[in-house]
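*Asks:*
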DNA sequence: TTTATTTCTTACCATAGATCAAGAGAGATT
DNA sequence: AATCTCTCTTGATCTATGGTAAGAAATAAA
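Residue numbers (UniProt numbering), protein chains in the order written: chain P, 1 to 195; chain G, 1 to 195.
1. Within 10 angstroms of the Cβ of residue 4(P), are there 16 or more other Cβ atoms? Answer buried if so, exposed if not.
2. Of the choices 26(G), 162(G) and 85(G), whose alpha-carbon is the least far from that of residue 130(P)?
3. List, in order along the chain, the chain P residues whose C-beta lies closer than 9 Å to that of residue 145(G)?
4. Can you confirm whether residue 1(G), when its beta carbon is compared against all beta carbons of chain P, has any partner nearer than 8 Å?
5. Quick one: which unbroken beta strand (DSSP E) runs of 3-plus residues sit fully inside the stretch 24-53 of chain P? Chain order, please.
6. For the structure I just gave you, are there three or more beta carbon pairs, one from the stretch 21-36 of chain G and one from the stretch 111-120 of chain G, closer than 8 Å?
7. Can you tell me whether residue 277(G) is helix, strand or coil according to DSSP?
8. Can you find the residues in the same chain that come closer than 7 Å, C-beta to C-beta, to residue 72(G), ignoring five residues on each side of it along the sequence?
9. Once the 5 residues before and after residue 132(G) are set aside, which same chain residues still bring their CB inside 6 Å of it?
10. Residue 93(P): buried (16+ other C-beta within 10 angstroms of its C-beta) or exposed?
11. Less than 8 Å between the beta carbons of residue 70(P) and residue 160(G), yes or no?
12. Considering residue 74(P), what are the terminal residues of the beta strand (DSSP E) in which it resides?
13. Tell me where the beta strand (DSSP E) around residue 181(G) begins and ends.
14. Would you kindly report the start and end of the unbroken alpha helix (DSSP H) that includes residue 175(G)?
15. Could you give the residue range of the alpha helix (DSSP H) that holds residue 65(P)?
16. Checking the sheet assignment: what are the DSSP bridge partners for residue 141(G)?
17. Is there a C-beta anywhere in chain G that falls below 8 Å from the one on residue 121(P)?
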């Protein structure tokens, strides 16, 4: 009798489902477990669906020609994760999705989504909100990249994801910020000295 | 008898509307004209709806504390333009929308959207595609900002918007790319020298 | 515990792009 | 034609961040 406390909570809160309806959905779940450093997606593959992160932590990143990784997104418990383009347009992904910690994922596949849609009155509305939140988030990131120094971007990062900095190695934070690990190290030293 | 050739084309192509249905929608249009250097939106205002650009050219930009402009998006004929966050979440915008050329806009207000939805079978699908295209575009921009030099970003810009570079002053291109006008000038000189 | 491996820090130098200042064109305006 | 204003260019310098290399610290493996 598997339980998915986070996903259950998510269904109840966002989709206003009753307990009994939640169980109907539980039955459809084909959970996916990925151990640390395992991959959920690699370039060239089509990302089949979006995943709900029940537990653990993953990252979505690209690899540029010169061999450098650029982290697009982290996803910890209660987050949704996918290469949206690949899922929606059914095209090969350009990205990697790799587990940073052992992670338990719930694939939001066709059947599961249909069921939620069937049981929830505000399914569509929620999806729209999700997409718009995503866009808002991307816009903020672009704004930061256009206008802010490495130091400010780092401060914004820890403001936005206070716990993440303790769960991922520093070089991944640097990669997310678009700077080298050495630079991040220096930024942190300067910040420590000033206070 | 106003005609909107671009918008008409757009309705027919994207929403599969018949000519007679197009006329039903024409009747609802409250066109908005903005002359060059006029503003469609300023920070603090709520962006009421998305606009279809029938003709002209505009830019959406933010102003950072240190007084620098950062262009988020250009929009020429046949483009949609809005501060999506502000429209969707009904919250005050942080952005300016300013006309670069005299521009004729078609506000996609509540009534107009309802009418299109009523008359078009694939309205929802189209909206979804629009949102996903937007996300894809933002992701590509983030990737570029994270990984590419000013020169490469400039080359990508003229590849993506071949005509735009001739319609906007160079300093606006620089602002879009996240570099200074001086730097862009030098990038262009270097490119010219090499070929 | 000892040895590897990975991550982080630091120092030194290199480079891209920013800043400042001056001038050159190109339209506008008078 | 003369003056303004705006845009673009160029040179000289400055600064933030990158690159390289070495060592320290932490973590995992033996």
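Every residue, glycine too, gets a C-beta built ideally from N, C-alpha and C.
*Replies:* With the structure as the only source:
1. Answer is buried; the Cβ neighbour count reaches 16.
2. Nearest option by C-alpha distance: 85(G).
3. Neighbours of residue 145(G) on chain P, chain order: 141, 142, 145, 146 and 178.
4. Model confidence at residue 1(G) stands at a pLDDT of 45, short of 50, so the residue's coordinates are unreliable; what they give is reported in the following sentence. Chain P, which has no Cβ nearer than 8 Å to the Cβ of residue 1(G), makes this no.
5. Counting only runs of 3 or more, we get 32-34 and 39-41.
6. Contact between the stretch 21-36 of chain G and the stretch 111-120 of chain G is present, because at least three Cβ pairs lie under 8 Å.
7. With chain G covering only 1 through 195, there is no way to say anything about residue 277(G).
8. Once the five neighbours on either side are set aside, the close Cβ partners of residue 72(G) are 60, 61, 62 and 95.
9. So the list is empty, once near-sequence residues are dropped.
10. Per the 10 Å Cβ criterion, buried.
11. Between residue 70(P) and residue 160(G), the C-beta gap is not smaller than 8 Å, which leaves the two residues out of contact.
12. That run of the beta strand (DSSP E) goes 69-76.
13. Segment 181-194 is the alpha helix (DSSP H) holding residue 181(G); no beta strand (DSSP E) there.
14. Run containing residue 175(G): 170-177, per the alpha helix (DSSP H) assignment.
15. Under the DSSP assignment, residue 65(P) falls outside any alpha helix (DSSP H); it carries neither an H nor an E label.
16. In the DSSP output, where bridge partners are listed per residue, residue 141(G) has none listed.
17. The Cβ of residue 121(P) sits no closer than 8 Å to any Cβ of chain G.
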